[in-house]
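Engineer: One structure, as structure tokens, below. Some questions next.
Number of protein chains: 2
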Amino acid sequence: MEPFEKAASAIDSLFSRTSLPEGVSRVVPAGQEGDAFWPAGFTLSGINAGIKPQRKDLMLLLCDGPASSASVFTTNLCCAAPVELSKRHLAASSGRMRAVICNSGNANAATGAKGLEDARRMAADTASAFGISAEEVLVASTGVIGQLLPTDRITAAMPTLKSASGAQHWRDAAEAIMTTDTFPKFFAVDVALSGGTARIAGIAKGSGMICPNMATMLAFLATDAEIEPELLQEHLAAANAVSFNAITVDGDTSTNDMAAIMASNRGPSIARGSEDSRLFGAALRSVMTMLAQLIVVDGEGATKFVEIRIEGARSDDEARKAAMTVANSPLVKTAIHGEDANWGRIIAAVGRSGASFIQEELAVWFDALPILKPGLDAGFSEEEAKKVISKDAYTITVSLGKGSGAAVVWTCDLSNRYIEINGSYRS
Amino acid sequence: MEPFEKAASAIDSLFSRTSLPEGVSRVVPAGQEGDAFWPAGFTLSGINAGIKPQRKDLMLLLCDGPASSASVFTTNLCCAAPVELSKRHLAASSGRMRAVICNSGNANAATGAKGLEDARRMAADTASAFGISAEEVLVASTGVIGQLLPTDRITAAMPTLKSASGAQHWRDAAEAIMTTDTFPKFFAVDVALSGGTARIAGIAKGSGMICPNMATMLAFLATDAEIEPELLQEHLAAANAVSFNAITVDGDTSTNDMAAIMASNRGPSIARGSEDSRLFGAALRSVMTMLAQLIVVDGEGATKFVEIRIEGARSDDEARKAAMTVANSPLVKTAIHGEDANWGRIIAAVGRSGASFIQEELAVWFDALPILKPGLDAGFSEEEAKKVISKDAYTITVSLGKGSGAAVVWTCDLSNRYIEINGSYRS
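If you read the sequences in order, they're chains V and L.
FYI, the numbering for the first sequence is 5 to 431, going by this note's numbering.
FYI, the numbering for the second sequence is 5 to 431, going by this note's numbering.
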């Protein structure tokens, strides 16, 4: 399957498990050049700058005026130069940005002072090519750690990047940020607000080194809504907590993660505390959740998409700890891969997670099928269980029987392909 | 290679990296039936009771009098019935035990009230077969979670277990506790004390669900020294912290883990606070460290043994956190497997570990070869690095440049074989 067909099929499959909030509707791309998928006020571009052989590796997202901007970044202490620089630029421009420039193929991480200089040069090149200020540019990089950026190639590619930009070029942009992703990730919704319809669209990349603690991968979002940077930041952070921070492929938190959103302020206005604000937040969460789930579906070597749902915890925080421990357990992930109804590994993971419970009160379901009932009663039918776990996507629910704390995270299986990909990634 | 040859070769290889404390010497088994490997005062037995097809699955370690005993157990909230029972027995007998009975092939975990009853029956059967009290019996189980023990088979096997017991049968015992282990694990030392020579010997099993938080697998140790249970418990806990709690195969903490030691009190006496006590502790640590390292060498699918050494941390605790994060990172473990000098993944793991540092002050070595020098200078020779990382065993050292905190943990690579083993373990 072609990457875009694969993406469309993954989105359709996830969308069948999803219910959008009222007033929010999915935007389906027309499947042809120039389809109106991206919000008004933005142009995009994705080209090959020679950082990677042949494949697209340089992405631009440009707003035609100062965009209200917000961003969340990796919490890894070894954060990359572009993360450092982007934080400074966001602060310096008081959240009014014009562009995101992003390369794949090189993370510009663990590159020291030279790396920061190189990130600055990327911002300066973008600024001079597009007639904006360097401090209005967010810079992002993804790829191998510890190698210097081929900045000359990026500088040389600016004219091509400019001539290839346009509102309709979001597909190129989505492709240009891919690393070991097997398909580009994109999603958009319209949300009906009191002042008219706002659109929110996003592209993302994921694949390896995926585990929260912040943004967890790269995602670039845009909306035509009119919104202040501070309020946009609040919405982004809230949505991030239950989308990108609720996924895990391998428990590894990258050095380069970033999720950024720009609002072109051309559409309906969103006031703090309004019903419109609530709706906008829900719509943003829908887009980010879909992008996050696409990252899991396309996790390195993933063949299964599994929702881990913890209920009845003493607190949401304990539920989240338990959910993440199950979602990251190599023994659970290999059992998912092997289609083995190994509930023992699931409760063993919950048992070491730090969440409190009494084992006799645990209950486990695979989708709606009870697997373990309180009293450690595992009298389920292996045949019925197999029907669930042989599916590409299903939900594992564990109830701790202690309170009303709950959490949901999404994970994938651990397969031989993960080992193959990561045993030879750098070379 | 035969399992015992494989074990001997693994021990020799690890021993070449080890320096024993002064006064401590390795006991090499003579390689024939009846060799004098185990301390005086103990008999052992290992037989097939029909829990597993064909292979040995029932182990006995018996002391000819009340042994001073100490034990550490899993911290997993889903702890197994035998763990629960053994804790009660240790308390009830004030640390004076006579026997350990252990089966493999079934964990008797998540088995509720019936599981506890079954563990009690194992203790009672052992007590009546060997003329001791049930409360003097430690019970251990390892294998699949959530299935009831075939207790009738264990009861029926008692006469065979008794007739097959003897001081020379430690090899059978070491085999009988294996699950997915590919070789039995054993080690013994002599330690010269003021009152004569004491011997400390142990057997262990590991393989999957290996990550600390307590004992982390099964290990049964014995000594002929004369020592009070309380002091023995202190020595066991201290040695456990830097041996079994310093290894990880997959980050998963089992429901059944236990390390137990019995002292037959026939040999030299050890008084609290004495030089003998210090020596005994060091000797015990040597045995437990070797057993722990053997577990890593024989980790599921492992092809590499890697020591992760963190130095220059703000505290030992932070160093340990950083070491464990590196040791459990799937990206680091696949890079080790692929013999890729991917130092970026190592510092990225340290960066998300919670340990504090400034990335420009990090330094990384593979054995004695500097890979990353402060200032993020990675000007190493790939050829020289390859010489180190293509070895079966080596050390990765990371200096954080913050203080004098240090920690060492041992880990293995993550290979396709791990996925194969765990994708089909239960069936």
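Using N, Cα and C, we set each Cβ at its ideal position, and we do this for glycine too.
Remember, it's a predicted structure, so these values are computed and weren't measured experimentally.
Can you give me the C-alpha to C-alpha distance between P70(V) and P233(V), rounded to a whole angstrom?
Structural biologist: Those two C-alpha atoms are separated by around 11 Å.
Engineer: Tell me whether T293(L) sits in a helix, a strand or coil according to DSSP, three-state version.
Structural biologist: In this structure, T293(L) counts as helix in the three-state DSSP scheme.
Engineer: Find out if the Cβ-Cβ distance for the pair V104(L), A127(L) is shorter than 8 Å.
Structural biologist: Taking 8 Å as the Cβ cut-off, V104(L) and A127(L) do not qualify as a contacting pair.
Engineer: With W369(L) as the anchor, note down where its beta strand (DSSP E) starts and where it stops.
Structural biologist: From DSSP, the beta strand (DSSP E) with W369(L) extends over A367 to F370.
Engineer: Shortest alpha-carbon distance to Q237(V) belongs to which of E230(V), D16(V), G277(V) and S73(V)?
Structural biologist: The shortest Cα separation from Q237(V) among E230(V), D16(V), G277(V) and S73(V) belongs to S73(V).
Engineer: Is the Cβ-Cβ distance between F77(V) and L197(V) less than 8 Å?
Structural biologist: No.
Engineer: Assuming F384(V) is part of the beta strand (DSSP E), what are its boundary residues?
Structural biologist: Premise fails: F384(V) is in no beta strand (DSSP E) and is neither H nor E.
Engineer: Considering just the uninterrupted stretch of the alpha helix (DSSP H) at G348(L), what are its terminal residues?
Structural biologist: That run of the alpha helix (DSSP H) goes W347 to G355.
Engineer: Which parts of the segment 199-282 of chain L are runs of the alpha helix (DSSP H), unbroken and 4 residues or longer, counting only runs that do not cross its ends?
Structural biologist: Within the segment 199-282 of chain L, the complete alpha helix (DSSP H) runs of at least 4 residues are 233-246.
Engineer: Kindly list the residues whose CB is nearer than 6 Å to the CB of E315(V), restricted to its own chain and excluding five residues on each side of it in sequence; keep chain order.
Structural biologist: Excluding positions up to five away in sequence, the list reads S403 and A410.
Engineer: Along the alpha helix (DSSP H) that carries S17(V), what are the first and last residues, could you check?
Structural biologist: Start and end: P7 to F19.
Engineer: Nearest-angstrom Cα distance between A267(V) and T227(V)?
Structural biologist: Taking the straight line from one Cα to the other gives about 5 Å.
Engineer: Looking at chain V, is there any beta carbon in it that lies within less than 8 Å of the beta carbon of N112(L)?
Structural biologist: It does not: the Cβ of N112(L) has no partner Cβ on chain V nearer than 8 Å.
Engineer: Which of the residues in the segment 135-149 of chain V, read from start to end, lie with their CB under 8 Å from any CB of chain L?
Structural biologist: The segment 135-149 of chain V vs chain L, Cβ under 8 Å: V148 and I149.
Engineer: According to DSSP, is A323(V) part of a helix, a strand, or is it coil?
Structural biologist: Of the three classes helix, strand and coil, the one that applies to A323(V) here is helix, per DSSP.
Engineer: Taking only beta-carbon atoms, is W369(L) less than 8 Å away from chain V?
Structural biologist: No, because no Cβ of chain V sits closer than 8 Å to the Cβ of W369(L).
Engineer: Which class does P334(L) belong to by DSSP, given the choice of helix, strand or coil?
Structural biologist: In the structure shown, P334(L) sits in a helix (DSSP, three-state: H, G or I).
Engineer: In or out: D280(V) buried (at least 16 other Cβ within 10 Å) or exposed?
Structural biologist: Buried, by the Cβ-count rule.
Engineer: Which stretch, first to last residue, makes up the alpha helix (DSSP H) that contains V87(V)?
Structural biologist: Looking at the DSSP string, the run of the alpha helix (DSSP H) that includes V87(V) is A85 to A96.
Engineer: Mind listing which residues of the segment 358-392 of chain L have their C-beta closer than 7 Å to chain V's C-betas, in chain order?
Structural biologist: Result list: F361, Q363, E364, G379, L380 and A382.
Engineer: What does a CB cutoff of less than 6 Å around R421(V) pick up in its chain, not counting 5 residues either side in sequence?
Structural biologist: So the qualifying residues of the chain are G305.
Engineer: In the structure shown, what three-state DSSP assignment does P57(L) receive?
Structural biologist: Coil, per DSSP.
Engineer: Does the distance from the C-beta atom of G342(V) to that of G150(L) stay below 8 Å?
Structural biologist: Result no, Cβ atoms of G342(V) and G150(L) do not sit closer than 8 Å.
Engineer: Closer than 7 Å, Cβ to any Cβ of chain V: which residues of the segment 38-51 of chain L, in chain order?
Structural biologist: Cβ contacts with chain V: none found.
Engineer: Residues in the same chain with beta-carbon distance under 6 Å from D68(L), minus the five sequence neighbours each way, listed in chain order, please.
Structural biologist: If we look at D68(L) and ignore the five residues flanking it on each side, its Cβ neighbours are G45.
Engineer: Check each candidate in I425(L), G271(L) and S132(L) and name the one with the smallest Cα separation from T201(L).
Structural biologist: That would be G271(L), whose Cα lies nearest to the Cα of T201(L).
Engineer: Pull up the distance between the alpha-carbon of P25(V) and that of M294(V), whole angstroms please.
Structural biologist: Answer to the nearest angstrom: the Cα atoms are 13 Å apart.
Engineer: Can you tell me whether P33(L) is buried or exposed, with buried defined as 16 or more other CB within 10 angstroms of its CB?
Structural biologist: With 16 or more other Cβ atoms within 10 Å, it is buried.
Engineer: With 16 other CB atoms within 10 Å as the buried threshold, where does A372(V) fall?
Structural biologist: Exposed, since its Cβ has fewer than 16 Cβ neighbours within 10 Å.
Engineer: Anything in the segment 396-421 of chain V with a Cβ closer than 7 Å to a Cβ of chain L? List those residues in chain order, please.
Structural biologist: So the close ones are L418, S419 and N420.
Engineer: In the DSSP assignment, what are the bridge partners of K377(V)?
Structural biologist: The partner list for K377(V) (beta bridge, DSSP) reads D381(V).
Engineer: By the criterion of Cβ-Cβ separation under 8 Å, what are the contact partners of T155(L) in chain V?
Structural biologist: Near T155(L) there are no residues of chain V at all, since even the closest Cβ is about 17 Å away, more than 8 Å.
Engineer: Anyone know if the C-beta pair for K10(V) and E179(V) falls short of 8 Å?
Structural biologist: No.
Engineer: What is the DSSP secondary structure of W448(V), reduced to helix, strand or coil?
Structural biologist: This structure cannot settle anything about residue 448(V), because the visible part of chain V is limited to 5 through 431.
Engineer: Check whether chain V comes within 8 Å of A219(L), counting only Cβ atoms and requiring the distance to be less than that.
Structural biologist: Because the pLDDT of A219(L) is 32, which lies under 50, any placement of that residue in the model is unreliable, and the number read from its coordinates should be weighed accordingly. Closer than 8 Å: no.
Engineer: Which residues mark the beginning and the end of the beta strand (DSSP E) in which K189(L) is found?
Structural biologist: Segment K189 to L197, the beta strand (DSSP E) holding K189(L).
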